[in-house]
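Step one of this worksheet: look at the structure below.
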Amino acid sequence: MSTKGTVKGIISNLVIVTVDGPVSQNEICYIKTGQTRLMAEVIKVIGADAYVQVFESTRGLKVGSEAEFSGHMLEVALGPGLLSRNLDGLENDLDKMQGVFLRRGEYTSPLDEDKLWQFKALAKVGDTVAAADWLGEVDENFQPHKIMVPFVFEGSYTVKSIVPDGEYRINDTIAVLTDASGKEVGVTMVQHWPVKRAITAYREKPRPFRLLETGVRIIDIANPIVEGGTGFIPGPFGTGKTVLQHAISKQAEADIVIMAACGERANEVVEIFTEFPELVDPHTGRKLMERTIIVANTSNMPVAAREASVYTAMTIAEYYRSMGLKVLLMADSTSRWAQALREMSNRLEELPGQDAFPMDLSAIISAFYGRAGYVFLNNGHTGSITFIGTVSPAGGNLKEPVTEGTKKAARCFYALEQARADRKRYPAVNPIDSYSKYIEYPEFEEYISKLISPDWIPMVNEMKTLMQRGKEVQEQINILGDDGVPLDYHLTFWKSEVVDFVILQQDAFDKVDSVCPIERQQYMLQLVIGITRTQFKFDSFTEVMDYFKRMINILRQMNYSEFQSDDFKRFEQELEQIISERAIR
Amino acid sequence: MATKAFQKIYTKITQITKATCTLKATNVGYDELATVDGKLAQVVKIMGEDITLQVFGGTEGLRTNAEVVFLGKAPTLRVGDQLSGRFFNAFGDPIDGGPVPEGREVEIGGPSVNPVRRKQPSELIATGIAGIDLNNTLVSGQKIPFFADPDQPYNQVMANVALRAQTDKIILGGMGLTNDDYLYFKNVFSNAGVLDHIVSFVNTTENPPVERLLIPDMALTAAEYFAVEKHEKVLVLLTDMTLYADALSIVSNRMDQIPSKDSMPGSLYSDLAKIYEKAVQFPDGGSITIIAVTTLSGGDITHAIPDNTGYITEGQLYLRRDSDVGKVIVDPFRSLSRLKQLVAGKKTREDHPQVMNAAVRLYSDAANAKTKLENGFDLSDYDERALAFAKEYSKEILAVDVNLDTTEMLDMTWRIMARNFRVEELNIKQQLVDKYFPKN
Chain A
23 MSTKGTVKGI
33 ISNLVIVTVD
43 GPVSQNEICY
53 IKTGQTRLMA
63 EVIKVIGADA
73 YVQVFESTRG
83 LKVGSEAEFS
93 GHMLEVALGP
103 GLLSRNLDGL
113 ENDLDKMQGV
123 FLRRGEYTSP
133 LDEDKLWQFK
143 ALAKVGDTVA
153 AADWLGEVDE
163 NFQPHKIMVP
173 FVFEGSYTVK
183 SIVPDGEYRI
193 NDTIAVLTDA
203 SGKEVGVTMV
213 QHWPVKRAIT
223 AYREKPRPFR
233 LLETGVRIID
243 IANPIVEGGT
253 GFIPGPFGTG
263 KTVLQHAISK
273 QAEADIVIMA
283 ACGERANEVV
293 EIFTEFPELV
303 DPHTGRKLME
313 RTIIVANTSN
323 MPVAAREASV
333 YTAMTIAEYY
343 RSMGLKVLLM
353 ADSTSRWAQA
363 LREMSNRLEE
373 LPGQDAFPMD
383 LSAIISAFYG
393 RAGYVFLNNG
403 HTGSITFIGT
413 VSPAGGNLKE
423 PVTEGTKKAA
433 RCFYALEQAR
443 ADRKRYPAVN
453 PIDSYSKYIE
463 YPEFEEYISK
473 LISPDWIPMV
483 NEMKTLMQRG
493 KEVQEQINIL
503 GDDGVPLDYH
513 LTFWKSEVVD
523 FVILQQDAFD
533 KVDSVCPIER
543 QQYMLQLVIG
553 ITRTQFKFDS
563 FTEVMDYFKR
573 MINILRQMNY
583 SEFQSDDFKR
593 FEQELEQIIS
603 ERAIR
Chain B
1129 MATKAFQKIY
1139 TKITQITKAT
1149 CTLKATNVGY
1159 DELATVDGKL
1169 AQVVKIMGED
1179 ITLQVFGGTE
1189 GLRTNAEVVF
1199 LGKAPTLRVG
1209 DQLSGRFFNA
1219 FGDPIDGGPV
1229 PEGREVEIGG
1239 PSVNPVRRKQ
1249 PSELIATGIA
1259 GIDLNNTLVS
1269 GQKIPFFADP
1279 DQPYNQVMAN
1289 VALRAQTDKI
1299 ILGGMGLTND
1309 DYLYFKNVFS
1319 NAGVLDHIVS
1329 FVNTTENPPV
1339 ERLLIPDMAL
1349 TAAEYFAVEK
1359 HEKVLVLLTD
1369 MTLYADALSI
1379 VSNRMDQIPS
1389 KDSMPGSLYS
1399 DLAKIYEKAV
1409 QFPDGGSITI
1419 IAVTTLSGGD
1429 ITHAIPDNTG
1439 YITEGQLYLR
1449 RDSDVGKVIV
1459 DPFRSLSRLK
1469 QLVAGKKTRE
1479 DHPQVMNAAV
1489 RLYSDAANAK
1499 TKLENGFDLS
1509 DYDERALAFA
1519 KEYSKEILAV
1529 DVNLDTTEML
1539 DMTWRIMARN
1549 FRVEELNIKQ
1559 QLVDKYFPKN
């Protein structure tokens, strides 16, 4: 017998429902208005009054309307067929919705019930299995999609029967399991999971250490992110957050990419819809859309569903991680999610924290980032969720609650800077303030020494010291004037400019330069570090500037040329020529 | 608003604040309209039988025994072809003395477009103003505000843009317009003989501020009618969105909401996004483009209103008075159109992106030279040439009174560059230089 209720009060999308039975926090209910049912979530209970946030507009809703409680929290359906889908924050399939406008109360499933999937069993009759263990697999967009023991199953089970390899629909029973007491349960290819709860059906979550190659030099070289790592990109508007995020999502060496467009511009989502089906994954040669899932809750879509959207995206990520895949989750922007929390906390008349955000904002952000990570599954395979969120700080001020809360939770910090963007130095990631904590992990150091070379991290550190030094001498030059400082200062400054222009800056709109594979990054870093270690002979500071400008121009031409092509080699020879003019060997 | 016979009349108001009143009533829908002694009001809160109404005209002189009638519907607009050429107030009632237009009644502030039903914007909107078309090209389906101080001629520039843009309909949403500005728009449109392409919804400074909250939704509901049902290219002008946001803060304040940054409601981002995101390109050719004005206080863009706007819109345009040439120009440094790369060099001549970048870079060299000059340093020959270039560029290209087509703009920019610089100083691809650099 499910609990029912009647509407008692309405303030925008906060509705108070008087209930006739038990309800639980975060339980989903449906409120009837006319012919439509509006989905809502319980966020507070006082006596017999449940305070629910409605995921849709409450226009026309009246006191006395009936509400029906579902008995479960906000859930998503997990099964084969999620890849390439365009979902909203509640996992509705946007392509299946009727009409040009989003209609209130229309809910569509992303999974196709009639599609036949070629199933291949991985478990045998008699096997002992537990939640998230692999029973079989189907092929989804050329990737193996594991059919798992549902995450909600507790304890261990024995496989009583499993269907022979062949074609099945998602709702067909593909295996029967018996629990410890001998009770039989059927398993299909679909399962449900409440989005706000983390899926923890894995053995261990070690510290992540494997480089996740993004092809973006300022990330891979200077501030590397790892498989299962977390990072965030704060930046004022117009500093290139979206361009950087799209670049990472297009190029990262991940099996699955999930883009959560959370409260941002619809045209940016349209750009993904339009471009991803055409663009090719540089690692597999397949279309990018085949590995991508878009969770779009743009800024004009209902605010409460905006909060749900990041959880929906994370839950889908955890589902694919359990299959032993490398998942990259991008959320743009987590500030909009925090604002959705603020709007609701405000309507609940909770005592506000800083900037009227809820007091527990920082804890909510930490808990969410904590769901990412690199894991050992029960069967020994590994899987990962790398999470990168953007933050849109109000007024570009990084001392605001969302940025500060995120800084405590995320391990990589890519600070986009207005001044750098104004000077058209893209990506406008501040080379000095930004950091990656992973570069200090001994596990990472060991891994990268084998993957690239043992002198990699010393070179990166040398480069960073030079950038710092370059900034310091630049300030000195600005104060004392060009001829008020020793010639050496100019040399140091211009060497740091070489690093900036050739390694840190990258043209996201150039076909060649936009993606820089790791071996090419290594080659260029060695070349540039070689230059910064070289001693040069100059008579005056004016010579220094002209000389290095020429050198930077040639190095940039190299960046624009196919790696090791004739053009590339020609420019390299030209570079050697320039170096030999002034170098003291 | 005549009351109909079967409608129930309530006469007992229990609470009155500056913008709201509360009474006991039943069977009332959220967002529903009501009249309070003939003044329009809207339901903003229901708590059991207590209904709180936001009274658009303010509550001055409101009696506790005022007659309250619920209208059983959210605010609506009658949409149809008869809207063309007409002027309305915030409630959609004619203010030009003409008859009430006939049409289908639709609720304003309707649902959002499904993002998968949108098309990527790709059509250039030419305004003739080179500071816009050349450096910050507008695209149909885009949303972009002018960030301007109150003393700048943004309404004039916007009227010019509206008249020159090749669109099927122009919809003006005026919020807190001074009566003079309202008459200015009216005169400009009728003098240009384009009145039948224009629909206006106007709230002047003489009208109550809370009424403004209806203006953008009215304007955009009309826009959606023409874009969705008639497949027309619609340009919506919203001026001034800062006054709209101020009205939001007045209401949220009366509702005892906790203010966030700059005394603005915590929902400011969502409230503004709901309006701006109505800008759209449909696959069948219809589109809604929004050009808005956000007035700044002393050029401060970190204030919550411009800051939230910047995160929502696809770029922003800055106006500035250039004292060297004595003209108002479109500032090439701070202005940005995020969609320009969708059309620049694709719908315009191939050299557009390179010429645009080269000219802005040279203009910034001039700015550096100017700083040097002001600090008392000697200028090099290059500096002198850069300054000469900047003057011509400012006058012939950036000034808002320029009216050229995009090809003429490009040719003009080449000529100005050629007059002051050598080819190798331009840093433009050789192939384009060979083709377009003036020979003599």
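For the record, the sequence lines run as chains A and B. Here the working numbering runs 22 ahead of the position in the first sequence, where the first position is 1. Here the working numbering runs 1128 ahead of the position in the second sequence, where the first position is 1. We put the CB at the ideal spot given by N, CA and C, even for glycine.
For P256(A), DSSP records a beta bridge to V413(A). Any Cβ of chain A closer than 9 Å to the Cβ of Y1439(B) would place that residue at the interface, and such an atom is present. Annotation for R59(A): the continuous beta strand (DSSP E) segment containing it runs T58 to I68.
Note that the C-beta distance between A378(A) and S1388(B) is below 9 Å. In the DSSP assignment, no residue is bridged to D1529(B).
Y463(A) is positioned such that its CB atom lies no closer than 9 Å to that of V451(A). Secondary structure note for F295(A): its alpha helix (DSSP H) is the uninterrupted segment A288 to E297. The alpha-carbon separation between L1424(B) and N1307(B) amounts to approximately 21 Å. Around D115(A), the same chain offers R107, N108, L109, T130, S131 and P132 as residues with beta carbons nearer than 8 Å, after the five sequence neighbours per side are excluded. For the options L1363(B), T1187(B), K1557(B) and D1178(B), the alpha carbon positioned closest to that of L1291(B) is the one of L1363(B). For D568(A), the enclosing alpha helix (DSSP H) has its first and last residue at F563 to Y582. In the three-state scheme derived from DSSP, where H, G and I count as helix and E and B as strand, S321(A) is classed as coil. At a cut-off of 9 Å between beta-carbon atoms, I470(A) makes no contact with chain B. For A362(A), the nearest CB of chain B lies under 9 Å from its own CB, placing it at the interface with that chain.
Under the DSSP assignment, H1480(B) falls outside any beta strand (DSSP E), being part of the alpha helix (DSSP H) whose first and last residues are H1480 to E1502. Rounded to the nearest whole angstrom, the C-alpha separation of M1537(B) and M1545(B) is 12 Å. If you look at N1331(B), you'll find it in the beta strand (DSSP E) that goes I1326 to T1332. For D455(A), same chain residues with a beta-carbon under 7 Å away, outside a window of 5 residues either side, are A437 in chain order.
Look at V174(A) here: in three-state DSSP terms it is coil, with no helix or strand label.
Segment contact: the region 135-148 of chain A against the region 158-166 of chain A, three or more CB-CB distances shorter than 8 Å; contact assigned. Per the coordinates, the alpha-carbon of R287(A) lies some 25 Å from the alpha-carbon of G1259(B). Shown here, T408(A) sits in a strand according to DSSP, grouped into three states. The alpha-carbon of I240(A) is positioned some 23 Å away from that of R1466(B).
Counting along the chain, F398(A) sits inside the beta strand (DSSP E) bounded by residues G395 to F398. No residue range can be given for R1550(B), since it is assigned to no beta strand (DSSP E) and is classified by DSSP as neither H nor E.
Fully enclosed alpha helix (DSSP H) runs of no fewer than 4 residues occupy 1369-1382 and 1396-1404 of the region 1363-1412 of chain B, in order along the chain. For F560(A), there is no enclosing alpha helix (DSSP H), as DSSP gives it neither H nor E. In the structure shown, the three-state DSSP call for L1305(B) is strand.
For H94(A), the enclosing beta strand (DSSP E) has its first and last residue at E88 to M95. The beta carbon of T1150(B) lies closer than 6 Å to those of T1142, Q1143, D1178 and T1180 in the same chain, with the five residues before and after it left out. Across the structure, I470(A) and Y342(A) are spaced so that their CA atoms are roughly 26 Å apart. Considering only K54(A), K66(A) and F466(A), the residue with the shortest C-alpha distance to G86(A) is K54(A). For the pair T428(A) and F254(A), the CB atoms are nearer than the 9 Å cut-off.
Taking the beta carbon of V291(A) as reference, the chain B residues within 8 Å of it are P1243, listed in sequence order. R1232(B) is bridged by DSSP to V1207(B). Below the 8 Å Cβ cutoff, chain A contributes R287, A288, T320, S321 and N322 as neighbours of E1405(B), in chain order.
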